[in-house]
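Below is one structure, written out as structure tokens; the observations come after it.
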Amino acid sequence: MDDEGQTGLLSRRGCLRRAATLSLLSLLPLELRASPQDMREAMLAAFGDRPIIPGRVRLTLPPLAENGNSVRLTVAVDSPMTEADHVRFIQLFSPENPLPDIARFEFSPASGLAEVETRIRVSAEQDLVAVAGLSDGSLWSASVHIVVTEAACIDALL
Amino acid sequence: MLKARISVPATATRGEVITVKTLVSHPMETGFRRDALGAQIPRNILTEFECLLDDESVFRANFHPAVSANPFLSFRLRAERSGTLTFRWRDQHGEETTVTRELKVDG
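Those protein sequence lines, which keep their order, are chains A and B.
Under this note's numbering, the first residue of the first sequence is numbered 8, with each subsequent residue one higher.
Under this note's numbering, the first residue of the second sequence is numbered 1245, with each subsequent residue one higher.
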């Protein structure tokens, strides 16, 4: 990539070069992607071998994201949010981003509602996972499939 | 000190669940990108966020590089009493940005 010269973005050479970079990228995932194993390890580190029950968590994402650098995400759990019965945390995981951890949110009875909206990076088509921990110690999860047309993490490489 | 924008309702009735929105300007550099010369751009991210009502921690978050640049959060609070809301972000080096807003609860 030393003789970039005057090759414009739309020139044949430029396109070929970018295509070559892209094909290199498809080799990169070996190190730039979390593997299902990394994901299992991240969840094991967070929750040990406690059972995680599918349900109760509402994870809302667009099914198709134009821009993987900023994907709007809402996650919520129905809970009275009292001292005796509330959501302690919600944690988000990605099986395909370079790192499996995305974010963790900690609530209190003063939250009133266990609901958060944020924006995340998504580097590939995948099933994102949210795990909620309740005050009774139970763990609940939801998983949502997302497709991205322009993935995060690669822009500066081209 | 980072530039932060906070949205809190001007007043709330006692027991009302309000929505708090925060936006802070920060690149959230992942550490996975390379510059034009191929050199790795070092990771530079915010790692923690906390919201306190007076001295009581009411909401916390931990961020990893997968959180988008200029982290946005919208979360809920049950307004039981007036007080000072403190919003605090901490980056990976321990640098803190703190912003406060008054919460006014009627009744």
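The C-beta atom is built at its ideal place from N, Cα and C for all residues, glycine as well.
Because the structure is a prediction, the values reported are computed rather than measured.
- Contact of isoleucine 60/A with chain B is not assigned, every C-beta pair being separated by 7 Å or more.
- In this structure histidine 93/A is buried. Its beta-carbon is surrounded by 16 or more other beta-carbon atoms within 10 angstroms.
- Look at serine 1326/B here: in three-state DSSP terms it is coil, with no helix or strand label.
- Proximity of chain A to serine 1326/B at the Cβ level (cut-off 8 Å) is not reached, the minimal Cβ distance being about 14 Å.
- Under the three-state reduction of DSSP output, aspartate 85/A falls in the coil class, being neither helix nor strand.
- Within a 10 Å sphere around the beta-carbon of alanine 52/A sit fewer than 16 other beta-carbons, which makes this residue exposed.
- Contacts between proline 1309/B and chain A, judged by CB atoms closer than 7 Å, involve Leu106 in chain order.
- For the pair of segments examined, the segment 124-135 of chain A was found to touch the segment 95-108 of chain A: the number of CB pairs separated by less than 8 Å reaches three.
- In this chain, arginine 47/A is not harboured by any beta strand (DSSP E); it is covered by the alpha helix (DSSP H) spanning 43-54.
- For leucine 141/A, the closest Cβ of chain B is not nearer than 7 Å.
- At least 7 Å separates the CB of alanine 72/A from every CB of chain B.
- Distance between leucine 66/A and valine 1302/B, taken at the CA atoms: about 22 Å.
- Of the candidates Val1268/B, Asp1298/B and Glu1300/B, Val1268/B places its Cα closest to the Cα of methionine 1245/B.
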